[in-house]
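Notes follow the structure.
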Amino acid sequence: MTDFELPPGEKWRQFELYALGFRDFADVRPDVPLDPFRLARFANLLIVSFDQIKGLNPDVREHLLGEASEKWSGGACSIPLPDGRRIVILNPNHGRMRTNATLMEEVSHVFLGHQPSRLKVVAETPGGRTVSREYRKADEEAAYATGAAALVPYSALRRFLLEGQTSQQIAKHFHVSRELVEYRLKVTRLWRTYRSAHSTT
Ligand SMILES: [Zn+2]
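Numbering of the sequence shown is given in the working numbering, commencing with residue 745 and proceeding in unit increments.
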């Protein structure tokens, strides 16, 4: 691997290397979109749609899909199924691009071997408690950053940038949000180059 394929900064190089490992594992080249739903199977995650959750209080359901919908994107359940898989629930109101980032973060937690530091009760219903895992702050950063790097690898990001593509075009190519591409441009220190190339946008 040549040096320019990794971003500056020790921490970001490390995230990039993990992310490239995920892509290697999925057998997906750095310049094509990565489908986190495919990786989720390797990570032993079972994606359950919100509608499949039984016994959820109608008020809770309405709250989660209504006024609280912007406040949650998804999460993994703390207790694995008998076959070892863990259930992941994703917010059905969020578009595919946002969901890709959410799911990729959950996959990263698994591949990076993060252990939840504590459990958080997200809903109490007559049928019992819904518990979600919480990770340490450093693990949250690592999972999000590595997931984002897996979705938008540095080498391809840099190349598309030098070809004059906008963050919107790059986002469309990788099936992620423009915000995620711009986050990647910032953390890999390509933002200034990007801004000077697209100073009118
Ligand atoms: Zn997380």
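Note that the Cβ used here is the ideal one computed from N, Cα and C, for glycine as well.
Just so we're clear, the structure is a prediction, and the values are computed from it rather than from any experiment.
*Quick one: give me the first and last residue of the alpha helix (DSSP H) that Val-920 is part of.*
Val-920: not part of any alpha helix (DSSP H); DSSP gives it neither H nor E.
*Let me know if Asn-844 comes out buried or exposed under the rule of 16 or more other beta-carbons within 10 Å of its beta-carbon.*
buried
*Straight-line gap, His-858 to Ser-852 (C-alpha atoms, nearest Å)*: C-alpha separation (whole angstroms): 9 Å.
*For the alpha helix (DSSP H) containing Leu-809, list its first residue and its last residue.*
802-809
*Assign Gly-820 to buried or exposed, taking buried as 16 or more other Cβ atoms, counted over all protein chains shown, within 10 Å of its Cβ.*
Note that residue 820 is Ala in the sequence shown here, rather than Gly. By the 10 Å Cβ count, Ala-820 comes out buried.
*Top-ranked residue by Cα proximity to Lys-755, from Ala-889, His-807, Ser-911 and Thr-910*: Ala-889
*Rank Leu-809, Leu-825 and Ile-831 by C-alpha distance to the C-alpha of His-838 and give the top, closest one.*
Comparing Cα-Cα distances from His-838 to each of Leu-809, Leu-825 and Ile-831, the minimum goes to Leu-809.
*If you check the beta carbons only, do Leu-847 and Gly-818 fall under 8 Å apart?*
yes
*What residue range is occupied by the uninterrupted beta strand (DSSP E) comprising Leu-847?*
Taken as a continuous stretch (DSSP letters only), Leu-847 belongs to no beta strand (DSSP E), being part of the alpha helix (DSSP H) at 840-855.
*asked:* Which residues neighbour ligand 1 when neighbourhood means a C-beta less than 6 Å away from any of its non-hydrogen atoms? List them by chain order.
replied: Glu-849, His-853, Tyr-879, Glu-884 and Ala-887
_Going by DSSP in three states, Ile-791 sits in which element: helix, strand or coil?_
In the structure shown, Ile-791 sits in a strand (DSSP, three-state: E or B).
*Three or more beta-carbon pairs under 8 Å between the region 755-764 and the region 893-903, yes or no?*
yes
_Reduced DSSP category for Ile-823 - H, G, I as helix; E, B as strand; rest coil_ = coil
*Taking just the CA atoms, how far does Glu-923 sit from Glu-806?*
28 Å
*C-alpha distance - Tyr-879 paired with Ala-915, whole-angstrom precision*: 28 Å
*Just checking my contact of His-919 with Pro-777 at CB under 8 Å: how many whole Å lie between their CB atoms?*
Indeed they touch by this definition, with Cβ atoms about 5 Å apart.
*Hey, out of Val-804, Lys-815 and Gly-753, whose CA is closest to Arg-842's CA?*
Lys-815
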